[in-house]
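Engineer: Residue numbers (the working numbering): 13 to 361.
Ideal placement from N, C-alpha and C gives every residue a C-beta, glycine not left out.
If you're wondering where the values come from, they're calculated on a predicted model, not measured in any experiment.
Quick one: the structure is below, and I'll ask about it shortly.
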Ligand code: MRU
């Protein structure tokens, strides 16, 4: 009984940490917190047309796999409200970013709703359900993931997987929030996440808003951090988890997983079931988005590299399931992921 009350209190505390809502539906427009401007500026974009939502996804004003899916669902509602051709709108939204399967999952769900009833109110209810379910999934995953972590652990996270990247609370960052609230996690290290700096700009912002004291490290410092024995867990999100458990996530995740295995550090992937793609057999079949090399050649809009230089800018990589200690979803935890274990949990996904 005492244990249950403590767990409830911890969850309440963890929920209290979580204040940012980056994707907001206002009845006739979608308000997005422009993540390109954070933390210097809290600028909001009002999308009145589906094209504006598609543009916001392409340009990373809204980013993070679940948030992209949620924004796209609201994009479909805007298209229906404005009388735009729905099939074309779905196509436009689908073409924005290739790696995060939450986008396709969400559009498929809206399409299935349209097949039953394509009136605006019905589509609005579906988009609302997608958003609310994501928040509930995150809170549950936070609890499940935190349970895996021994007390007094220090952890490393990569990219931004928090409220900004989801409907709220976050995936990997949700586990960290729940783990800190439960007194299991002491120190949180955050990689800066070159080139777009999701860790430095967004995760640091979220955790500091929560009143925590996270420590930023350069991406290139992560292996040394592990070698120094400073972290027991690496906790990351995912953009697509293939049928065998191979996981696409922010570029640099694979390198972290290799370093973690070498140094005996555990590696946790946290993602809702909407990130699981049982139709993709393995990581080899995941399309990795390559973005404009200018994102790498410049820092904060200022050119850093000699003119005429070329760059290769893949923004995701694939971590083999064999390097993952646990995949945490709202349906449960899979330790040492494999095709049979994934099939058992996600046969209906
Ligand atoms: O390019 P981004 O910022 O959209 O990439 C985000 C990530 O890779 C996240 O780790 C992933 O989407 C999970 S967010 C809960």
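Using the Cβ count rule (16 or more neighbours within 10 Å means buried), how would you classify residue 29?
Structural biologist: Working through the chain shown from its first residue, we reach residue 29 at position 17. The residue is buried, with at least 16 neighbouring Cβ atoms inside 10 Å.
Engineer: Any idea what DSSP makes of residue 36, helix, strand or coil?
Structural biologist: Sequence index remark: in the chain shown, residue 36 carries index 24 (1-based). Reduced to three states, the DSSP call for residue 36 is strand.
Engineer: Could you give the residue range of the alpha helix (DSSP H) that holds residue 54?
Structural biologist: In the chain shown, residue 54 corresponds to position 42, counting from 1. Here residue 54 belongs to no alpha helix (DSSP H), and DSSP marks it neither H nor E.
Engineer: Using 7 Å as the cut-off, classify the Cβ of residue 177 as near or not near the heavy atoms of the ligand MRU, replying yes or no.
Structural biologist: As a working note, residue 177 is residue 165 in the chain shown. Checking the Cβ of residue 177 against the ligand MRU gives yes.
Engineer: In angstroms, rounded to a whole number, what distance separates the CA positions of residue 233 and residue 80?
Structural biologist: In the chain shown, residue 233 corresponds to position 221, counting from 1. In the chain shown, residue 80 corresponds to position 68, counting from 1. In a straight line, the C-alpha of residue 233 is about 30 Å away from that of residue 80.
Engineer: Considering just the uninterrupted stretch of the alpha helix (DSSP H) at residue 245, what are its terminal residues?
Structural biologist: On the chain shown, position 233 is the one that residue 245 refers to. First-last for residue 245: 245-248, but that is the beta strand (DSSP E), not the alpha helix (DSSP H).
Engineer: Quick one: what does DSSP say residue 302 is sitting in, helix, strand or coil?
Structural biologist: As a position in the chain shown, residue 302 is number 290, starting the count at 1. The three-state secondary structure of residue 302, taken from DSSP, is strand.
Engineer: What residue from 219, 170 and 179 has the CA that sits closest to residue 140's CA?
Structural biologist: Position 128 of the chain shown holds residue 140. When only C-alpha atoms are compared, the closest one is 179.
Engineer: Put residue 347 into one of helix, strand or coil per three-state DSSP.
Structural biologist: Position 335 of the chain shown holds residue 347. Strand.
Engineer: Does the pairing of the segment 99-108 with the segment 132-139 give three or more beta-carbon distances under 8 Å?
Structural biologist: no
Engineer: Which class does residue 384 belong to by DSSP, given the choice of helix, strand or coil?
Structural biologist: Outside the shown range of the chain (13 to 361) lies residue 384, about which nothing can therefore be said.
Engineer: Residue range of the beta strand (DSSP E) that residue 329 falls in?
Structural biologist: Working through the chain shown from its first residue, we reach residue 329 at position 317. Element bounds for residue 329: 328-331.
Engineer: For residue 58, which residues in the same chain have their Cβ closer than 7 Å to its Cβ, ignoring the five residues on either side in sequence?
Structural biologist: Here residue 58 refers to the residue found at position 46 of the chain shown. Here the set comprises 41 and 43.
Engineer: Taking a contact to mean a Cβ-Cβ separation below 8 Å, would you say residue 47 touches residue 34 in this structure?
Structural biologist: Residue 47 sits at position 35 when you count from the first residue of the chain shown. Residue 34 sits at position 22 when you count from the first residue of the chain shown. Yes. Within cutoff.
Engineer: For residue 365, write down the residues that DSSP places opposite it in a beta bridge.
Structural biologist: Outside the displayed range of the chain (13 to 361) lies residue 365, so it cannot be described from this structure.
Engineer: Do residue 110 and the ligand MRU come close, with the Cβ less than 7 Å from some heavy atom?
Structural biologist: Your numbering for residue 110 matches position 98 in the chain shown. The answer is no for residue 110.
Engineer: Can you have a look at residue 347 and say buried or exposed, based on whether 16 or more other CB atoms are within 10 angstroms of its CB?
Structural biologist: Within the chain shown, residue 347 is the residue found at index 335, counting from 1. It is exposed - the Cβ of residue 347 has fewer than 16 other Cβ atoms within 10 Å.
Engineer: Determine the extent of the beta strand (DSSP E) in which residue 242 is found, giving its start and end residues.
Structural biologist: By 1-based counting over the chain shown, the position of residue 242 is 230. Taken as a continuous stretch (DSSP letters only), residue 242 belongs to no beta strand (DSSP E), as it is neither H nor E.
Engineer: How would you label residue 304, buried or exposed, when you count the other beta carbons within 10 angstroms and need 16 or more for buried?
Structural biologist: As a position in the chain shown, residue 304 is number 292, starting the count at 1. Exposed: under 16 other Cβ atoms inside 10 Å.
Engineer: Checking 8 Å against the spacing of the C-beta atoms, do residue 224 and residue 277 come in under that value?
Structural biologist: Here residue 224 corresponds to residue number 212 of the chain shown, with the count starting at 1. Here residue 277 corresponds to residue number 265 of the chain shown, with the count starting at 1. Here residue 224 is not near residue 277, since their CB atoms are 8 Å or more apart.
Engineer: Using a 10 Å radius around the Cβ and a threshold of 16 neighbouring Cβ atoms, would you call residue 103 buried or exposed?
Structural biologist: Mapped onto the chain shown, residue 103 falls at position 91. It is exposed - the Cβ of residue 103 has fewer than 16 other Cβ atoms within 10 Å.
Engineer: Thinking just about the alpha-carbon of each residue, which of 242, 82, 212 and 281 is nearest to the one in residue 166?
Structural biologist: Start at 1 with the first residue of the chain shown, and residue 166 comes out as number 154. A check of alpha carbon separations from residue 166 across 242, 82, 212 and 281 identifies 242 as the nearest.
Engineer: DSSP beta-bridge partners for residue 340?
Structural biologist: By 1-based counting over the chain shown, the position of residue 340 is 328. 282 and 345, per the DSSP bridge assignment.
Engineer: Quick check for students: name the residue ranges of the alpha helix (DSSP H) that lie wholly in the segment 61-119, counting only runs of 4 or more.
Structural biologist: 62-70, 77-94 and 98-106
Engineer: Measure the C-alpha to C-alpha separation of residue 39 and residue 92 and round it to an integer number of angstroms.
Structural biologist: Reading the chain shown from its first residue, position 27 is the one you call residue 39. Reading the chain shown from its first residue, position 80 is the one you call residue 92. If I take the Cα positions, the gap works out to 12 Å.
Engineer: Just to confirm, does residue 70 get its C-beta within under 7 Å of one of the non-hydrogen atoms of the ligand MRU?
Structural biologist: The residue labelled residue 70 in the question sits at position 58 within the chain shown. No, the beta carbon of residue 70 sits no closer than 7 Å to any heavy atom of the ligand MRU.
Engineer: I'd like the span of the alpha helix (DSSP H) that includes residue 150, first residue to last.
Structural biologist: Locating residue 150 in the chain shown gives position 138, counting from the first residue. Here the alpha helix (DSSP H) through residue 150 covers 132-159.
Engineer: Would you grab the beta carbon distance between residue 187 and residue 340 for me? Rounded to a whole angstrom, and I think it's under 8 Å.
Structural biologist: Taking the first residue of the chain shown as position 1, residue 187 is located at position 175. Taking the first residue of the chain shown as position 1, residue 340 is located at position 328. That belief holds up - the Cβ atoms of residue 187 and residue 340 are roughly 7 Å apart, short of 8 Å.
Engineer: How long is the line joining the alpha carbons of residue 247 and residue 50, rounded to whole angstroms?
Structural biologist: Working through the chain shown from its first residue, we reach residue 247 at position 235. Working through the chain shown from its first residue, we reach residue 50 at position 38. The alpha-carbon atoms of residue 247 and residue 50 are separated by roughly 23 Å.
Engineer: May I have the straight-line CA-CA distance separating residue 361 from residue 321, to the nearest angstrom?
Structural biologist: Here residue 361 refers to the residue found at position 349 of the chain shown. Here residue 321 refers to the residue found at position 309 of the chain shown. In this prediction, residue 361 scores a pLDDT of 47, lower than 50, which makes its location untrustworthy; no coordinate-derived value is stated.
Engineer: Where does residue 41 fall in DSSP's three states?
Structural biologist: Numbered from 1 along the chain shown, position 29 holds the residue referred to as residue 41. Coil, per DSSP.
Engineer: With DSSP as the reference, label residue 271 as helix, strand or coil.
Structural biologist: Mapped onto the chain shown, residue 271 falls at position 259. If DSSP states are grouped into helix, strand and coil, residue 271 belongs with the helices.
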